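Numbering follows the working numbering, with no gaps: position 26 of the sequence shown is 26. Glycine residues also receive a C-beta, built at the ideal position from the N, C-alpha and C atoms. The model shown is predicted, which means the values in this text are computed figures rather than measured ones.
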Amino acid sequence: MTSIKQKDVIIIGAGASGLLCAAECGRRGRSVLVLDHAPRAGSKVLISGGGRCNFTNLNADAGRYCSRNPHFCKSALARFTPRDILALAEKHHIAYYEKEAGQIFCVTSSREIMTMLGQECRRAGVEERFGVKVADIAKAEAFSVTTDAGVFRSDALVIATGGPSYPDLGASGFGLDVARQFGLAVVPPRPALVPFVFSARDQKVFHELAGISLDAAVSCGAKRFRGSVLFTHRGLSGPAALQASLYWTPGEPLVIDLLPGTDILEILTAKRRSRMELRNLLSGHFPKRFAEAWCDQMVTSKPLDQTSDRELKETALRLHAWKVLPKGTEGYATAEVTAGGVDTDELSSKTMEAKKVPGLYFIGEVVDVTGELGGYNLHWAWASGFAAGQYA
Ligand SMILES: Cc1cc2nc3c(=O)[nH]c(=O)nc-3n(C[C@H](O)[C@H](O)[C@H](O)COP(=O)(O)OP(=O)(O)OC[C@H]3O[C@@H](n4cnc5c(N)ncnc54)[C@H](O)[C@@H]3O)c2cc1C
């Protein structure tokens with residue numbers, strides 16, 4: 001007969017939120033088992049921030065998160081602030097720096113963050129098992145987790161399996177399946193912080209611009225993001241485009257201000273009597289290849305002294321509000337996060353526990369709370385993991 005192992009808390013997912021939660025539970029004297037199907041912990045943390053882990057943002061507040069209930073994340077964010085994760089990093093002698101706009105990165109490597117989490121878990125007596133496939137979860141008095149390494153029982157079960165983006169790293173939709181199994185509503189998941197794919201027509205015209213990046217402002221509905229936009233072979237990437245993807249719904253146009261902070265109409269008007277062609281003037285503001293391709297598609301480039309006031313105004317308008325209708329995004333394969341997830345109405349904002357299923361907790365990216373680019377997603381993983389860690 002196979003023996004059944006009993007723990008106070010089982011956490012499925014040894015990523016950012018799962019390990020922080022495990023350390024907190026262990027510190028409270030709970031016996032904790034962390035299970036992960038991957039061969040090692042924290043694959044996403046390791047590659048995050050280009051290997052330097054942008055692990056928090058000094059500006060982390062509810063305004064930086066996309067969720068059906070924008071208030072849900074406030075409580076957890078208030079109880080575990082950027083200062084708290086920085087204090088933990090300092091305790092582990094991790095050198096960090098602020099890159100821009102509050103983004104905090106490791107000076108050396110994201111590996112240090114994983115070492116920190118590993119040490120915190122060890123000190124708290126947490127048991128970790130890797131390469132374990134969960135076949136079934138059931139609840140009677142306690143939770144029973146059937147795996148290819150045996151059956152485990154616990155009073156509390158924490159789901160910290162993240163979202164399905166970057167499947168190559170072991171990401172899965174497992175957490176959402178567990179939520180559905182227990183009758184919890186799920187906000188439809190979708191890839192976010194992901195490059196856009198142009199329509200076939202735009203791809204034909206702009207693919208030759210691959211590699212060119214511009215300082216621009218990308219708007220999607222009421223949200224506007226200033227930053228660089230990178231042309232790829234298939235569409236648009238770069239921080240400003242990735243940010244916009246978090247708020248984008250299929251069929252919606254992006255509006256791109258190609259010259260944010262510059263009054264191009266004033267510049268065009270000042271050159272009103274010049275024989276210079278528009279494409280040459282724009283080559284002073286953009287890479288030449290872009291100026292030419294954009295002019296070919298959007299306007300008739302002729303000498304400015306042959307251009308009417310109406311045409312100048314129209315050109316300025318197009319430069320400040322270039323409308324692009326993407327065909328879609330590159331999808332989960334390259335999405336930094338998954339938006340949507342377990343509906344926050346189903347969870348306590350104080351504990352992350354499912355209201356309908358006592359003892360079942362959801363933390364991190366699997367919850368319908370998705371941060372903008374810049375350290376906000378890892379901060380949500382810490383904050384939600386910490387919240388559940390006080391109660392599970
Ligand atoms: C390329 C890239 C770069 C990123 N850079 C940043 C950044 O710099 N800053 C930032 O804030 N965010 C960044 N993110 C996002 C951030 O990594 C995630 O939002 C964060 O790791 C989510 O934490 P989590 O604990 O919810 O899930 P994860 O950290 O993804 O951990 C989930 C764990 O669950 C395990 N798991 C999944 N399915 C199962 C299953 N069926 N059974 C058992 N275990 C399972 C996985 O193996 C994994 O170990 C980046 C993401 C990517 C893909």
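For residue i, three-class secondary structure by DSSP
i, result
"residue 1", "Summary for residue 1: the model assigns pLDDT 49, below 50, so the residue's position carries little reliability, and this model does not support an answer."
"residue 142", "coil"
"residue 12", "strand"
"residue 65", "strand"
"residue 389", "helix"
"residue 361", "strand"
"residue 260", "coil"
"residue 300", "coil"
"residue 338", "strand"
"residue 168", "helix"
"residue 353", "strand"
"residue 7", "strand"
"residue 235", "strand"
"residue 323", "strand"
Cβ-based burial, residue i [other Cβ within 10 Å; buried from 16]
i, result
"residue 97", "exposed"
"residue 379", "buried"
"residue 1", "Residue confidence for residue 1 is low, a pLDDT of 49 falling below 50, so the modelled location carries little weight and cannot support an answer."
"residue 115", "exposed"
"residue 202", "buried"
"residue 22", "buried"
"residue 211", "exposed"
"residue 67", "buried"
"residue 164", "buried"
"residue 107", "exposed"
"residue 388", "buried"
"residue 94", "buried"
Contact check, residue i vs residue j, beta carbons under 9 angstroms
i, j, result
"residue 299", "residue 341", "no"
"residue 9", "residue 155", "yes"
"residue 194", "residue 16", "no"
"residue 280", "residue 337", "no"
"residue 159", "residue 391", "no"
"residue 383", "residue 76", "yes"
"residue 172", "residue 37", "yes"
"residue 61", "residue 44", "no"
"residue 20", "residue 374", "no"
Segment limits, alpha helix (DSSP H) that includes residue i
i, result
"residue 174", "174-181"
"residue 203", "200-206"
"residue 53", "Unbroken run through residue 53: none, as it is neither H nor E."
"residue 309", "309-320"
"residue 347", "No alpha helix (DSSP H) contains residue 347, which DSSP labels as neither H nor E."
"residue 118", "111-123"
"residue 414", "Since the first residue of the chain shown is 1 and the last is 392, residue 414 is not available in this structure."
Where the beta strand (DSSP E) containing residue i begins and where it ends
i, result
"residue 97", "96-98"
"residue 286", "From DSSP, residue 286 is part of no beta strand (DSSP E); its letter is neither H nor E."
"residue 228", "223-231"
"residue 103", "103-106"
"residue 191", "186-192"
"residue 154", "150-159"
Beta carbon proximity, residue i to chain C, threshold 9 angstroms
i, result
"residue 159", "Protein chain content of the structure displayed is limited to a single chain, and chain C is not contained in it."
Does the segment 312-321 come within contact of the segment 137-147, defined as at least 3 CB pairs closer than 8 angstroms? A contact between stretches requires three or more CB pairs, one per stretch, nearer than 8 angstroms, and the segment 312-321 fails this requirement with the segment 137-147.
Quick one: any contact between the segment 43-61 and the segment 75-94, if contact means 3 or more CB pairs under 8 angstroms? Touching, yes.
At least 3 beta-carbon pairs within less than 8 angstroms: the segment 280-298 vs the segment 236-255: Verdict: no, contact absent.
With a cut-off of 8 angstroms, do at least 3 Cβ pairs link the segment 178-198 to the segment 28-46? Counting Cβ pairs under 8 angstroms, fewer than three are found: no touch.
Please confirm if the segment 251-268 is in contact with the segment 324-331, defined as three or more CB-CB distances below 8 angstroms between the two stretches. They touch, by the three-pair rule.
Check whether the segment 340-357 and the segment 183-191 are in contact - that is, three or more C-beta pairs closer than 8 angstroms. Output reads yes: the segment 183-191 touches the segment 340-357.
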